[in-house]
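Residue numbers (UniProt numbering): 1 to 238. The C-beta atom is built at its ideal place from N, Cα and C for all residues, glycine as well. These numbers were taken from a predicted model, which means no experiment stands behind them.
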């Protein structure tokens, strides 16, 4: 199953990090010691006869686009939003993740967003405007303790289609790096779909490993678009 493939890929990348492999591979390429290569590169190839490595790719159910936002008040909001790349295999996702800067290292005012291909990370997109978001707000001291783990788990929930049949209602996720406190949100397409929204929220909270006492809320974009985040009311909570 796709979730198992994502988990296996996650284990592979963590193993490589533990071994402190200095060289990184380009997008879509495997490191020589990758557990997913079908041929071993430990033996020496004959001179003039390079060894060809055949590997099996694990396609994702959806293609995902990574976006980067850096706040510049002298420019229009949309001009600060940039498409980084798109991925549609487990291997390409991990190649991308291992190359980009960790969220905890971004400057204040920067965002990452991972959305299904064709959906832009903004309220105005037709596939977002009727939806909302599950919002996780973090204290400042959590940035260097939990932020990267929570964001990575969020990404794995998305690409692994962890919300079962309700995964089709997921549009993407955003992480906001802010001085007062960072935020992570999962966006869904239909705020009035109570059953689907609540299922996504419960699974998401469990995957993040949040305490049962920790409450996360779901806000409709129509509400947050007209009010500040502090004034927007939670439509649902888990």
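Going by the DSSP bridge assignment, what does residue i pair with across the sheet?
i, result
"residue 82", "68"
"residue 219", "133"
"residue 236", "218"
"residue 173", "114, 186"
"residue 87", "64"
Among the residues of its own chain, which have a CB less than 7 Å from the CB of residue i, if the five just before and after it don't count?
i, result
"residue 198", "236, 238"
"residue 225", "123"
"residue 125", "119"
"residue 72", "80"
"residue 49", "At residue 49, the pLDDT of 44 sits below 50, so the modelled position is not reliable; the number obtained from the coordinates is stated separately. Closer than 7 Å at Cβ, skipping near neighbours: no residue."
Which residue comes first and which comes last in the beta strand (DSSP E) that contains residue i?
i, result
"residue 111", "110-116"
"residue 194", "Run containing residue 194: none in the beta strand (DSSP E); it sits in the alpha helix (DSSP H), 194-208."
"residue 187", "183-188"
"residue 225", "From DSSP, residue 225 is part of no beta strand (DSSP E); its letter is neither H nor E."
Alpha carbon to alpha carbon, what distance is there between residue j and residue i?
i, j, result
"residue 119", "residue 92", "20 Å"
"residue 188", "residue 55", "34 Å"
"residue 112", "residue 176", "7 Å"
"residue 29", "residue 223", "The pLDDT assigned to residue 29 is 38, lower than 50, so where the model puts this residue is not dependable; a value taken from the coordinates is nonetheless given after this. So the two alpha carbons sit approximately 44 Å from each other."
"residue 143", "residue 135", "16 Å"
"residue 63", "residue 127", "16 Å"
"residue 137", "residue 214", "11 Å"
"residue 231", "residue 133", "15 Å"
"residue 208", "residue 145", "14 Å"
"residue 200", "residue 155", "14 Å"
"residue 99", "residue 85", "12 Å"
"residue 83", "residue 66", "6 Å"
"residue 171", "residue 159", "11 Å"
"residue 179", "residue 105", "13 Å"
"residue 212", "residue 74", "43 Å"
"residue 148", "residue 68", "16 Å"
"residue 26", "residue 117", "In this predicted model, residue 26 has a pLDDT of only 35, less than 50, meaning its place in the structure is not dependable; the value taken from the coordinates is given anyway. Cα to Cα, the separation comes out at about 22 Å."
Measure how close the beta-carbons of residue i and residue j come, nearest whole angstrom, since I'm counting them as under 8 Å.
i, j, result
"residue 131", "residue 58", "Not really, about 29 Å apart at Cβ, beyond 8 Å."
"residue 151", "residue 103", "5 Å"
Tell me which same chain residues have a C-beta within less than 8 Å of the C-beta of residue i, skipping the five on either side of it?
i, result
"residue 234", "217, 218, 219"
"residue 192", "130"
What residues in its chain sit with their C-beta under 6 Å from that of residue i, if we drop five residues either side in the sequence?
i, result
"residue 140", "181"
"residue 242", "In the structure as shown, the chain begins at 1 and stops at 238. Residue 242 is therefore absent and cannot be evaluated."
Where does the unbroken alpha helix (DSSP H) through residue i begin, and where does it stop?
i, result
"residue 148", "147-159"
How about residue i: is its Cβ closer than 7 Å to a heavy atom in the ligand FMN?
i, result
"residue 170", "This structure does not include the ligand FMN; it has no bound ligands of any sort."
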